[in-house]
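Here the structure is laid out as structure tokens; the discussion comes afterwards.
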DNA sequence: TGACATTAGTTAGCAACGTGAACTATCGTG
DNA sequence: CACGATAGTTCACGTTGCTAACTAATGTCA
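Protein chains in written order, with the numbering used here: chain A, 71 to 210; chain B, 71 to 210.
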């Protein structure tokens, strides 16, 4: 029913989308199975993609506050997945990047660790896959 | 590039979708603004839609374990949004349904409380909206 | 230069959320 | 009636995210 009042559509879609995304996220969190939590993995992925990055920029990308980033980075450091390099010009900031171990983990995860989700996706047809692909971009 | 090896596509999509859904959920959680947390709202919505329901069935629908449901229901009860009716035949179970206050809240939320998300959705074109609508169904 | 605002990041304390393990109460079945 | 299965609860724990308040370094401007 694409001819319903736009406001109604938006509100309904917003409500539906919120619940769906929320529940999907909960399920994904439970099925992480990559030895690293979704939170850490998302951050690691961002650090991987955006090269050396500061904590502040990471907070922006991850849509998270700075104290949260502090803790995320502490965990990743502890796991040996990232390393910090102090900025020689501005001693308040440090640049963060993946260690070889971090890169290795990202490769593993990207290549074969998403079995759970991939198996579910495999049940969908090409049209639905395209829809999800596009939806992911829109969500970003 | 719809002709790439299916496995590669699936893994990439899975990885992308995971991160997108995850971050979107985080953002939505922060912007809840309906006087009730996303967790409670999702549960309330399920109770609303699936009529009187038991705690176990709610756990299944919400993709959550039973102890979590216990706590969710306790919160909703405390807020006066739901009520429990003991099953007369099986005294282990109780049926949960919305109170008038709960129904009223759901109406409000569905109708106009999703301003944040709706405002963002308003920037998208019809095609993208349809995509998201479909994606929400697929995610379910 | 030296006071003051700004910026980067941390620490501390709090609350929400979800879990597994162990428990109670009830039900069904041989 | 004993014994296993089922519905829920309690308990203790870990993760995640936040705000408020802090430290430290930087920039600005009289």
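Glycine is no exception: its CB is placed at the ideal position from the N, C-alpha and C atoms.
In terms of CA proximity to residue 167(B), 123(B) leads the group 123(B), 159(B), 149(B).
Bounds of any alpha helix (DSSP H) do not take in residue 123(B), whose DSSP letter is neither H nor E.
Your pair residue 204(A) and residue 201(B) checks out as a contact, with CB atoms roughly 5 angstroms apart and the cut at 8 angstroms. Under DSSP, the beta-bridge partners assigned to residue 152(A) are 168(A). Between residue 127(A) and the set 144(A), 170(A), 164(A), the nearest pair of CA atoms involves 164(A). In terms of Cα proximity to residue 121(B), the closest of 175(B), 181(B), 169(B) is 169(B).
Closer than 8 angstroms to the CB of residue 133(A) there is at least one CB belonging to chain B. Around the beta-carbon of residue 118(A), 16 or more other beta-carbon atoms lie within 10 Å, marking it buried.
Judged by DSSP secondary structure, residue 117(A) falls within the alpha helix (DSSP H) whose first and last residues are 108–119. Per the Cβ contact rule, the region 95–104 of chain A is not in contact with the region 131–145 of chain A (fewer than 3 Cβ pairs under 8 angstroms).
Proximity of chain A to residue 130(B) at the Cβ level (cut-off 9 angstroms) is not reached, the minimal Cβ distance being about 12 angstroms.
In the three-state reduction of the DSSP assignment, residue 158(A) falls in the coil class.
Using a 10 angstroms sphere on the CB of residue 94(A), the tally of other CB atoms reaches 16 or more, which defines it as buried.
Residue 101(A) carries a coil assignment under DSSP once its states are collapsed to helix, strand and coil. Just measuring C-alpha positions, the residue of 177(A), 135(A), 83(A), 115(A) sitting nearest residue 96(B) is 135(A). Here residue 188(A) is near residue 84(B), since their CB atoms are less than 8 angstroms apart.
Residues of the region 82–106 of chain A with a C-beta less than 8 angstroms from any C-beta of chain B: 82, 83, 84, 85, 86, 87, 88, 89, 90, 91, 92, 93, 94, 95, 96, 97, 98, 99, 100, listed in chain order.
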